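Numbering of the sequence shown is given in the working numbering, commencing with residue 23 and proceeding in unit increments. Cβ coordinates follow ideal geometry from the N, Cα and C atoms, glycine included. Nothing here was measured: the structure is a model prediction, and the numbers come from that model. Here is the structure we will look at.
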Amino acid sequence: MNSPLQTEHLWMPFTANRQFKEKPRLLSKAEGMYYQSSDGRQILDGTAGLWCVNAGHNHPKIVAAIQQQAATMDFAPTFQMGHPLAFEAATKLAEITPTGMDRVFFCNDGSEGVDTALKIALAYHRIRGEAGRFRLIGRERGYHGVGFGGISVGGIAGNRKQFGPGLSGIDHLPHPLDITRNAFSKGLPVHGEELAGILETRLLALHDPTTVAAVIVEPIQGSTGVIIPPKDYLRRLRDICSKHGILLIFDEVITGFGRLGTAFGADYFDVIPDMIICAKGLTNAAVPMGAVVVNTAIYDSFMASSPKDSIELFHGYTYSAHPLACAAAIATLEVYQEEQLFERAAQIAPYFEAAAHQLRDLPHVRDIRNLGLVCGIELSPQAGKTTTRAFDIFEKCFWEKDLLIRTTGDIIALSPPLIINHAQIEQLFSKLAEAIREHANKANTSI
Ligand code: PMP
Numbered sequence: 023m024n025s026p027l028q029t030e031h032l033w034m035p036f037t038a039n040r041q042f043k044e045k046p047r048l049l050s051k052a053e054g055m056y057y058q059s060s061d062g063r064q065i066l067d068g069t070a071g072l073w074c075v076n077a078g079h080n081h082p083k084i085v086a087a088i089q090q091q092a093a094t095m096d097f098a099p100t101f102q103m104g105h106p107l108a109f110e111a112a113t114k115l116a117e118i119t120p121t122g123m124d125r126v127f128f129c130n131d132g133s134e135g136v137d138t139a140l141k142i143a144l145a146y147h148r149i150r151g152e153a154g155r156f157r158l159i160g161r162e163r164g165y166h167g168v169g170f171g172g173i174s175v176g177g178i179a180g181n182r183k184q185f186g187p188g189l190s191g192i193d194h195l196p197h198p199l200d201i202t203r204n205a206f207s208k209g210l211p212v213h214g215e216e217l218a219g220i221l222e223t224r225l226l227a228l229h230d231p232t233t234v235a236a237v238i239v240e241p242i243q244g245s246t247g248v249i250i251p252p253k254d255y256l257r258r259l260r261d262i263c264s265k266h267g268i269l270l271i272f273d274e275v276i277t278g279f280g281r282l283g284t285a286f287g288a289d290y291f292d293v294i295p296d297m298i299i300c301a302k303g304l305t306n307a308a309v310p311m312g313a314v315v316v317n318t319a320i321y322d323s324f325m326a327s328s329p330k331d332s333i334e335l336f337h338g339y340t341y342s343a344h345p346l347a348c349a350a351a352i353a354t355l356e357v358y359q360e361e362q363l364f365e366r367a368a369q370i371a372p373y374f375e376a377a378a379h380q381l382r383d384l385p386h387v388r389d390i391r392n393l394g395l396v397c398g399i400e401l402s403p404q405a406g407k408t409t410t411r412a413f414d415i416f417e418k419c420f421w422e423k424d425l426l427i428r429t430t431g432d433i434i435a436l437s438p439p440l441i442i443n444h445a446q447i448e449q450l451f452s453k454l455a456e457a458i459r460e461h462a463n464k465a466n467t468s469i
């Protein structure tokens, strides 16, 4: 028999530790579209783990690649040293990034990717003699991980307020979510392109544009509740950045690797940034890994900035291009291609959309929005409660419906693995609908 779980030593991330430890939600196995809970139930994974297991859990090819690499070479330094898999992984990644974006810097996760990209942006301007470009611009409700750079350009008060002022020289644009004008939007919302124009207004009214180094945005703001940019919004941001010599960074930690039915959000929106940050789906989340992909001009500027025998960028991680992560990334990128998973996501997305919008008349549903295989269902807020209605529904889904969803505030976010089939989409939304209905009925009878 298993010994009882000791919970006191682990300090859990982004978790109400004391509440969680009273009744832990535990997962112990995974395969394909399902987790197995520690009490032996099959749990349908509506969130691809944390937006990351795009090819489904425990893919045999990825598992085998990691096992083989672990038995071959556990670790190799990548400072002034190399190993072939690092180059192979970068080459494979560059094959699917947008044209012209093909130089890859490896790190270990999204947060490191964000810090890496921001540092590259600042250094890029300096090496070109524009040290005056120090400002960074993010967006309200932007999530860019938890490094100091990331929480500073990020726009989530909760992630900042415990830690003081963060980086200086930061500004935030408004986010483009507008439930009043774009309620129950399918695909790209129609209204709101003009919000991108606020970048130019701010540049001219508040900041000298020549003081701005970079603008960083998620093509879809995932973690704060699936905020989809209005039609033409990202293109307009691109135009303004180009006009003023400002680098545009896409944080594609969620939108990368097929989530929108294309390799990257940049492809879906047909807007090419100067840098793309990716992580999560890069290794199907089997081994932590992140990357910053930059355009050739940025890389070439660094190469031209100093003599051949000097280090061009003073940045790197012990585990940059870790052999296990590289093996996992190579196998994962092959799986995406062999199984045509991005195309598959694009094909099934209309079915996912139709199933999602069937929930629109359920109690407390204020908005449903979706693109590709990502969907946000926003519920009406409840005054005076610390635990939201969405969180109660998340718990109900886990314990009673054998379904894993994710919530942020009053919003339920869904982002299943790209291998989801029609029957599983039906199951996902019917289980969720039951949970929403039962939760509302219970609330009514307990008044
Ligand atoms: N950027 C975005 C857009 C993300 O969604 C996340 C994680 N959800 C991160 C950065 C941070 O990634 P990580 O948790 O791997 O550090």
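Just verifying my parser: in three-state terms, what is the DSSP assignment at C419? For this step, residue 419 is matched to residue 397 along the sequence shown. Of the three classes helix, strand and coil, the one that applies to C419 here is helix, per DSSP.
Start and end of the beta strand (DSSP E) containing Q64? Taking the first residue of the sequence shown as 1, we reach residue 64 at position 42. Where Q64 is concerned, the enclosing beta strand (DSSP E) stretches over 64–67.
What is the rounded straight-line gap between the Cα of K330 and the Cα of F324? For the purposes of this step, residue 330 is taken as residue 308 along the sequence shown, with counting starting at 1. For the purposes of this step, residue 324 is taken as residue 302 along the sequence shown, with counting starting at 1. Roughly 11 Å between the two C-alpha positions.
Starting from D137, trace the alpha helix (DSSP H) in both directions and tell me its first and last residue. Translated into the one-based positions of the sequence shown, residue 137 becomes position 115. DSSP places D137 inside the alpha helix (DSSP H), whose first and last residues are 132–149.
For my contact list, A475 and M311 are in at a C-beta cut-off of 8 Å; report their separation, rounded to the angstrom. Residue 475 cannot be examined here, being either before or after the span of the chain that is shown, 23 to 469.
Can you determine whether any heavy atom of the ligand PMP sits closer than 7 Å to the C-beta of G271, and answer yes or no? Start at 1 with the first residue of the sequence shown, and residue 271 comes out as number 249. Gly is not the amino acid found at residue 271; the sequence shown has Ile there. No, since every heavy atom of the ligand PMP falls outside the 7 Å radius drawn around the Cβ of I271.
With 16 other CB atoms within 10 Å as the buried threshold, where does R428 fall? Sequence index remark: in the sequence shown, residue 428 carries index 406 (1-based). Buried: at least 16 other Cβ atoms inside 10 Å.
Segment limits, beta strand (DSSP E) that includes T430: Residue 430 sits at position 408 when you count from the first residue of the sequence shown. Segment 428–430, the beta strand (DSSP E) holding T430.
Using 10 angstroms around the beta-carbon of T29, count the other beta-carbons present and answer buried if the total reaches 16, otherwise exposed. Here residue 29 refers to the residue found at position 7 when the sequence shown is read from its first residue. Under this definition T29 is an exposed residue.
Below 8 Å on the Cβ atoms is my guess for A376 versus A308; work out the distance and round it to an integer in Å. Along the sequence shown, one-based indexing puts residue 376 at 354. Along the sequence shown, one-based indexing puts residue 308 at 286. The Cβ separation is near 32 Å, so there is no contact.
Would you mind stating whether R382 and F206 have Cβ atoms separated by less than 8 Å? Within the sequence shown, numbered from 1, the residue matching residue 382 stands at position 360. Within the sequence shown, numbered from 1, the residue matching residue 206 stands at position 184. Contact: yes.
Buried or exposed, going by whether 16 or more other CB atoms sit within 10 Å of the CB of I469? In the sequence shown, residue 469 corresponds to position 447, counting from 1. Residue placement at I469 cannot be trusted, given a pLDDT of 47 that sits under 50; the coordinates are not used to answer.
For the ligand PMP, I want to know if S133 counts as a neighbour, meaning its beta carbon is within less than 7 Å of at least one of the ligand's heavy atoms. Residue 133 sits at position 111 when you count from the first residue of the sequence shown. The beta carbon of S133 sits closer than 7 Å to at least one heavy atom of the ligand PMP.
Can you find a C-beta in chain C that's less than 8 Å from the C-beta of R366? Among the protein chains of the structure shown there is no chain C, as only one such chain exists.
Does the contact criterion of 3 or more C-beta pairs under 8 Å hold for the region 220–238 versus the region 397–414? No, the region 220–238 is not in contact with the region 397–414.
Using only the alpha-carbon positions, how far apart do F36 and I276 sit? On the sequence shown, residue 36 is found 14 positions in, with the first residue counted as 1. On the sequence shown, residue 276 is found 254 positions in, with the first residue counted as 1. About 18 Å.
If you drop the 5 nearest sequence neighbours on each side, which residues of the same chain put their C-beta closer than 6 Å to that of F420? Stepping through the sequence shown from its first residue, residue 420 is reached at position 398. Hits under 6 Å: R47.
Is it a yes or a no for the region 124–136 touching the region 157–177, going by three-plus beta-carbon pairs under 8 Å? By the Cβ criterion, the region 124–136 is in contact with the region 157–177, since at least three pairs of Cβ atoms, one from each stretch, lie closer than 8 Å.
Backbone secondary structure at N39 - three-state DSSP: Taking the sequence shown and counting its residues from 1, the one referred to as residue 39 is at position 17. Of the three classes helix, strand and coil, the one that applies to N39 here is helix, per DSSP.
Along the beta strand (DSSP E) that carries T369, what are the first and last residues, could you check? Residue 369 sits at position 347 when you count from the first residue of the sequence shown. Note that residue 369 is Gln in the sequence shown here, rather than Thr. No beta strand (DSSP E) contains Q369, which is instead part of the alpha helix (DSSP H) from 363–379.
Within the chosen definition, does the region 231–243 reach the region 279–298 through at least 3 CB pairs nearer than 8 Å? Touching, yes, given that three or more Cβ pairs across the two stretches are closer than 8 Å.
Roughly how many whole angstroms lie between the Cα atoms of A92 and H344? Position 70 of the sequence shown, counted from the first residue, corresponds to residue 92. Position 322 of the sequence shown, counted from the first residue, corresponds to residue 344. The alpha-carbon atoms of A92 and H344 are separated by roughly 11 Å.
Hey, D424 and L401 are a contact pair by Cβ (cut 8 Å); roughly how many whole angstroms apart? Residue 424 sits at position 402 when you count from the first residue of the sequence shown. Residue 401 sits at position 379 when you count from the first residue of the sequence shown. That pair is no contact at about 21 Å.
In chain order, what residues of the same chain have a beta carbon less than 8 Å from the beta carbon of E162, not counting five sequence neighbours either side? Here residue 162 corresponds to residue number 140 of the sequence shown, with the count starting at 1. Excluding residues within five positions, the ones whose Cβ falls inside 8 Å are G177, H194, L195, P196, H197.
If you draw a straight line from the C-alpha of I88 to the C-alpha of A108, how long is it? As a working note, residue 88 is residue 66 in the sequence shown. As a working note, residue 108 is residue 86 in the sequence shown. If I take the Cα positions, the gap works out to 14 Å.
Give the single residue among K43, S25, P26 whose Cα lies nearest to the Cα of W33. As a position in the sequence shown, residue 33 is number 11, starting the count at 1. Out of K43, S25, P26, K43 has the C-alpha closest to the C-alpha of W33.
Among residues of its own chain, excluding the 5 on either side of R155, which ones have a beta-carbon nearer than 7 Å to its beta-carbon? Looking up residue 155 in the sequence shown gives position 133. Counting only Cβ-Cβ distances below 7 Å, and skipping sequence neighbours, we find H147, T232, T233, V234, A235.
Which ranges would you report for the beta strand (DSSP E) in the region 230–285 if only whole runs of at least 3 residues count? DSSP assignment within the region 230–285 yields the following whole beta strand (DSSP E) runs of 3 residues or more, N-terminal first: 234–239, 269–273.
Measuring CB to CB, does A412 end up less than 8 Å from N392? For the purposes of this step, residue 412 is taken as residue 390 along the sequence shown, with counting starting at 1. For the purposes of this step, residue 392 is taken as residue 370 along the sequence shown, with counting starting at 1. Cβ atoms of A412 and N392: not closer than 8 Å.
For N76 versus L440, is the C-beta spacing smaller than 8 Å? Here residue 76 corresponds to residue number 54 of the sequence shown, with the count starting at 1. Here residue 440 corresponds to residue number 418 of the sequence shown, with the count starting at 1. Yes, they are a contact pair.
Hey, would you say the C-beta of A301 is under 7 Å away from at least one heavy atom of the ligand PMP? For this step, residue 301 is matched to residue 279 along the sequence shown. True, at least one ligand heavy atom lies under 7 Å from that Cβ.
Quick one: residues in its chain with C-beta nearer than 6 Å to the C-beta of M23, no 5 flanking neighbours on either side, listed in chain order? Residue 23 sits at position 1 when you count from the first residue of the sequence shown. In this prediction, M23 scores a pLDDT of 47, lower than 50, which makes its location untrustworthy; no coordinate-derived value is stated.
CB contact flag (F435, G394, <8 Å): Taking the sequence shown and counting its residues from 1, the one referred to as residue 435 is at position 413. Taking the sequence shown and counting its residues from 1, the one referred to as residue 394 is at position 372. Going by the sequence as given, residue 435 is Ala instead of Phe. No; because the gap between Cβ atoms is not below 8 Å, this pair is not in contact.
If contacts are defined as beta-carbon pairs under 8 Å, then A143 and L304 qualify, I think. What distance do you get, rounded to the angstrom? The count along the sequence shown starts at 1 and reaches residue 143 at position 121. The count along the sequence shown starts at 1 and reaches residue 304 at position 282. About 21 Å separates the CB atoms of A143 and L304; that is not less than 8 Å, and the two are not in contact.
Alpha carbon to alpha carbon, how far is A347 from S174? Position 325 of the sequence shown, counted from the start, is the residue given in the question as residue 347. Position 152 of the sequence shown, counted from the start, is the residue given in the question as residue 174. Computed Cα separation, rounded: 28 Å.
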